[in-house]
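Contents: one structure, followed by commentary.
In this note's numbering, the protein residues as written are -18 to 557.
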């Protein structure tokens, strides 16, 4: 968010040409048809390691963190590869395989889901590949290659296509003479998980998280020594608990070889009956977020009570960094706000909350320099934000860090804050468009890491120029297609529709570029939730529970006569 209007941060991305890929695919298909695929000899072995992903992603490298070992669907064993492309990432997963020179190898894989490619490079002769445009059941891809006179290793790879659906791969084989690696040893039992911590609690549940274990394909969660639930990721919520009761939790890691010993146990207590949902009112199913400026940059100066009732979440902008890394504080700009006193401000927070609104503190902005990049700064962040919540009565926090974010430590910070504040905590995020182009980005990873406690991501659809949509095409800001095609990346990338909002400027003066009229915002909301009023891009399905919209700022909205909130607010409330 900008403290001063008119500064444009324009970023352009060129669309990718598929011509070269199409020619390569056509060549590979022709090679297959003309009979390069050969039958392996009886003495041949599969030279690929962890070919069925039973040991997670061991021996494999996936671009941009796009790959994961999953337990369903699988063709054989207990695991398979799931790789998810993004607008600028085709989810390529590869492995270096030892081979013999002057030898023929059969290359194959079973695939399912979206576009899936199988190929090999570095053969010393002709690199080959084959593909399928997608399938709902397991399909076998096959080709073959011959190594050169001096070739001792090749790179075997799979990948999908930019912005398309995730693909699955299993039982990859590079069958031929032993290249020196021998038959692959079976998976070994993984180590016990470390870092088990308790997060948000309710009267009947406790959220848990832990560190990933190499080679693990799943995790078993125990409550008081008995298995309570399972997870394929590094978090789980144990439900069905009794209010105001202490429980002991531990977790183990599993794969095809067996189950690890349990982690060190931790204790957590459920919330008491009658404590309610948390420190503030619940956020409506469809909500409007507005940023309130704690400074005067030429927009209308407001008190909190001047913010219209169309706004459900009011993000106070901004907290200030302190000399301690990660720590923040808040200083009301009384002089810039025409004498608005601290006492009035605190009273107005309570007034808004009594009206059913959530008032949260925003961290960052255009000039924000808050850094959370180690354990100490994560703890300082959580402690200082919680202190502001207790002091002023804020209902939560907004993450608007436009100068860099570390997913690992921001995740830790927000989980620590959640453990302190409880289930009523409101967490919003306002990334720039470039931050949400791929699930491998730090912002996107953070959002997915805290999905169980995240309220909404209101991406800033402005100050960015042209960007790739979820269909791999380039869209220019300022159009309904820009809003819908970029929102689709988040909606198909793992966020729940209730965690996605459309962030736009309230007036032409609110940002350097990217302003759209309220009618365009409403059309995009209709397109995403009902499939109507779309532009050239129409999503493959609708998302009726889409959270809503956000604007920078309530002050610029006031300067323009509240034209934005008067049009968008009622429309958001009318969504299905």
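Every residue, glycine too, gets a C-beta built ideally from N, C-alpha and C.
These numbers come from a predicted model, not from an experiment.
Name the two residues that bound the continuous alpha helix (DSSP H) containing residue i.
{"i": "residue 558", "result": "The question about residue 558 has no answer, for the chain in this structure spans -18 to 557."}
{"i": "residue 296", "result": "Note, residue 296: premise wrong, no alpha helix (DSSP H); beta strand (DSSP E) at 294 to 298."}
{"i": "residue 191", "result": "Neither: residue 191 is in no alpha helix (DSSP H) and is coded neither H nor E."}
{"i": "residue 553", "result": "544 to 554"}
{"i": "residue 539", "result": "535 to 540"}
With respect to the beta strand (DSSP E) encompassing residue i, which residues constitute its N-terminal and C-terminal limits?
{"i": "residue 383", "result": "Note, residue 383: premise wrong, no beta strand (DSSP E); not H, not E."}
{"i": "residue 199", "result": "199 to 204"}
{"i": "residue 153", "result": "148 to 157"}
{"i": "residue 250", "result": "247 to 250"}
{"i": "residue 134", "result": "134 to 140"}
{"i": "residue 172", "result": "Careful: residue 172 lies outside any beta strand (DSSP E) and carries neither H nor E."}
{"i": "residue 63", "result": "61 to 64"}
{"i": "residue 283", "result": "Note, residue 283: premise wrong, no beta strand (DSSP E); not H, not E."}
{"i": "residue 273", "result": "268 to 274"}
{"i": "residue 79", "result": "74 to 79"}
{"i": "residue 219", "result": "216 to 219"}
{"i": "residue 212", "result": "207 to 212"}
{"i": "residue 196", "result": "It is not in any beta strand (DSSP E) - residue 196 carries neither H nor E in the DSSP assignment."}
{"i": "residue 50", "result": "48 to 51"}
Would residue i and residue j qualify as a contact pair, given that the criterion is a beta-carbon distance under 8 Å?
{"i": "residue 226", "j": "residue 204", "result": "no"}
{"i": "residue 102", "j": "residue 55", "result": "no"}
{"i": "residue 72", "j": "residue 141", "result": "yes"}
{"i": "residue 111", "j": "residue 125", "result": "no"}
{"i": "residue 481", "j": "residue 471", "result": "yes"}
{"i": "residue 419", "j": "residue 39", "result": "no"}
{"i": "residue 417", "j": "residue 440", "result": "yes"}
{"i": "residue 37", "j": "residue 197", "result": "yes"}
{"i": "residue 113", "j": "residue 120", "result": "yes"}
{"i": "residue 428", "j": "residue 350", "result": "no"}
{"i": "residue 25", "j": "residue 47", "result": "no"}
{"i": "residue 466", "j": "residue 483", "result": "no"}
{"i": "residue 286", "j": "residue 341", "result": "no"}
{"i": "residue 27", "j": "residue 156", "result": "yes"}
{"i": "residue 264", "j": "residue 438", "result": "no"}
{"i": "residue 192", "j": "residue 215", "result": "yes"}
{"i": "residue 548", "j": "residue 478", "result": "no"}
{"i": "residue 57", "j": "residue 33", "result": "yes"}
{"i": "residue 387", "j": "residue 353", "result": "yes"}
{"i": "residue 469", "j": "residue 453", "result": "no"}
{"i": "residue 382", "j": "residue 337", "result": "no"}
{"i": "residue 571", "j": "residue 208", "result": "No answer is possible for residue 571: it lies beyond the span of the chain, which begins at -18 and ends at 557."}
{"i": "residue 97", "j": "residue 139", "result": "yes"}
{"i": "residue 78", "j": "residue 29", "result": "yes"}
{"i": "residue 45", "j": "residue 343", "result": "no"}
{"i": "residue 496", "j": "residue 509", "result": "no"}
{"i": "residue 563", "j": "residue 304", "result": "Because the chain is modelled from -18 through 557, residue 563 falls outside the range shown and cannot be assessed."}
{"i": "residue 95", "j": "residue 109", "result": "no"}
{"i": "residue 292", "j": "residue 535", "result": "yes"}
For residue i and residue j, which I take to be in contact (beta-carbon distance under 8 Å), what is that distance rounded to the nearest angstrom?
{"i": "residue 43", "j": "residue 61", "result": "13 Å between Cβ atoms; not a contact."}
{"i": "residue 357", "j": "residue 394", "result": "Actually they do not touch by this definition, with Cβ atoms about 11 Å apart."}
{"i": "residue 269", "j": "residue 512", "result": "That pair is no contact at about 22 Å."}
{"i": "residue 474", "j": "residue 425", "result": "7 Å"}
{"i": "residue 289", "j": "residue 526", "result": "Rounded, the Cβ-Cβ distance is 24 Å, inconsistent with contact."}
{"i": "residue 184", "j": "residue 252", "result": "5 Å"}
{"i": "residue 242", "j": "residue 219", "result": "Not quite, the Cβ-Cβ distance comes to about 20 Å (not below 8 Å), so this is no contact."}
{"i": "residue 35", "j": "residue 237", "result": "4 Å"}
{"i": "residue 153", "j": "residue 137", "result": "7 Å"}
{"i": "residue 517", "j": "residue 458", "result": "Contact doesn't hold; Cβ gap of about 15 Å is too wide."}
{"i": "residue 229", "j": "residue 245", "result": "In fact, because the Cβ distance is near 11 Å, the residues do not count as touching under 8 Å."}
Cβ of residue i within 7 Å of any heavy atom in the ligand SAM?
{"i": "residue 84", "result": "Absent from the structure shown: the ligand SAM. Ligands present: none."}
Can you confirm whether the segment 454 to 464 touches the segment 78 to 98 when touching is taken to mean that 3 or more C-beta pairs between the two stretches lie within less than 8 Å?
no
Under 8 Å, with one C-beta from each stretch per pair, do the segment 84 to 100 and the segment 147 to 155 reach the 3-pair mark?
Output reads yes: the segment 147 to 155 touches the segment 84 to 100.
Taking contact to mean at least 3 C-beta pairs separated by less than 8 Å, is the segment 289 to 304 in contact with the segment 267 to 275?
Enough Cβ pairs lie closer than 8 Å, so yes.
With three or more beta-carbon pairs closer than 8 Å as the criterion, would you say the segment 489 to 498 touches the segment 419 to 433?
Contact between the segment 489 to 498 and the segment 419 to 433 is absent: fewer than 3 CB-CB pairs across the two stretches fall below 8 Å.
Which runs of the beta strand (DSSP E) fall wholly inside the segment 400 to 450 and span at least 3 residues, in chain order?
407 to 410 and 437 to 441
Segment contact, 8 Å Cβ cut-off, at least three pairs: the segment 300 to 319 with the segment 362 to 377:
yes
Does the segment 368 to 388 come into contact with the segment 396 to 408, if we say contact requires no fewer than three beta-carbon pairs (one atom in each stretch) closer than 8 Å?
yes
Counting beta carbon pairs with one atom in the segment 531 to 549 and one in the segment 280 to 288, are three or more of them shorter than 8 Å?
yes
Cβ pair count under 8 Å reaching 3, the segment 216 to 235 against the segment 171 to 191
Yes: at least three Cβ pairs fall under 8 Å.
Segments assigned beta strand (DSSP E), at least 3 residues, entirely inside the segment 88 to 121:
97 to 102 and 109 to 113
Which ranges would you report for the beta strand (DSSP E) in the segment 307 to 358 if only whole runs of at least 3 residues count?
339 to 346
Run through the segment 454 to 525 for me and flag every whole alpha helix (DSSP H) of 4 or more residues, listed as ranges in chain order.
461 to 473 and 499 to 511
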